[in-house]
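So the structure is just underneath, and the comments pick up after that.
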Amino acid sequence: AIGRGLLARWGLIPGILITSFMFGIVHMHPAHAIAVIPLGMFMHFVYVATKSFWAPMLVHFLNNAFAVTVAKMMSQLPENAARLGDESQAVHPMISLAAALFLTAVCIYLWKTRVRYIKPNGSEWTPGYLSNEKPPVNAPITMERSTAAAGFYPGLAFLFLNFLAMMYLFGMEPEAEAGFLQLFIKVF
């Protein structure tokens, strides 16, 4: 509700930024607050694109599940446990590139397949300002969601697997890589 109001009052970019800043503040600890602001921006974008409260909840769940899984796996590898909280350890550029490509592809997919409300004349319904509001119940308006091109899904899968491969190849010390698969199987 807060995000919808800020979006309507301030527009897309300021509305998402203010909402994301508030999402960060809710996480209280200053380091966590700053770290989750980009996640809040992505989740709000997902909400705007899907017009569904469940989609950003899924993103939040997947983010937390990924963080818990990585922390559990790292804690079970003694040689990597010290690196877990080491801010001086830079993220390898290939991991950052793979993550950026995957998230960009997800954003493009969400925007291309976003929900739209279409009037009988074929134009898009809007309340007169940028909003996630639904049209009035009795209005002769249909909800439409475009589909992505058939090749987009394998492309998303490829980029996700590429991200996982970069995490595997560049995310650990060489001596830790040997036991990674056995540990992954053990965790799950």
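Letter 90 of the sequence shown, counting from 1, is numbered 109 in this note's numbering, and no numbers are missing. All residues carry an ideal CB built from backbone N, CA and C; glycine is no exception. Just so you know, these numbers come straight off a predicted model, no measurement behind them.
Going by other Cβ atoms of all chains shown within 10 Å of its Cβ, with 16 needed for buried, is residue i buried or exposed?
i: Pro57; result: exposed
i: Ser115; result: exposed
i: Gly43; result: buried
i: Gly22; result: buried
i: Met76; result: exposed
i: Ala117; result: buried
i: Val156; result: exposed
i: Leu178; result: buried
Whose C-beta lies closer than 6 Å to the C-beta of residue i among residues of the same chain, with five residues either side of it excluded?
i: Met60; result: Ile35 and Ser39
Under 8 Å Cβ to Cβ from residue i, same chain only, skipping five residues before and after it: list those, please.
i: Thr161; result: Tyr136 and Ile137
i: Arg28; result: Gly34
According to DSSP, simplified to helix, strand and coil, what is residue i?
i: Val87; result: helix
i: Met47; result: coil
i: Val134; result: strand
i: Thr161; result: strand
Take residue i and list the residues in its own chain whose beta-carbon comes closer than 7 Å to its own, dropping the five residues that flank it on each side.
i: Ser165; result: Lys131 and Thr132
Indicate, with yes or no, if the ligand FAD has a heavy atom lying under 7 Å from the CB of residue i.
i: Ile56; result: Inclusion of the ligand FAD in the displayed structure is not the case, the ligand content being empty and no account of it being possible.
Closer than 8 Å is the cut-off here; do at least three beta carbon pairs connect the region 81-89 with the region 145-155? no
With a threshold of 8 Å, are at least 3 pairs of Cβ atoms found where one atom belongs to the region 43-51 and the other to the region 62-71? no
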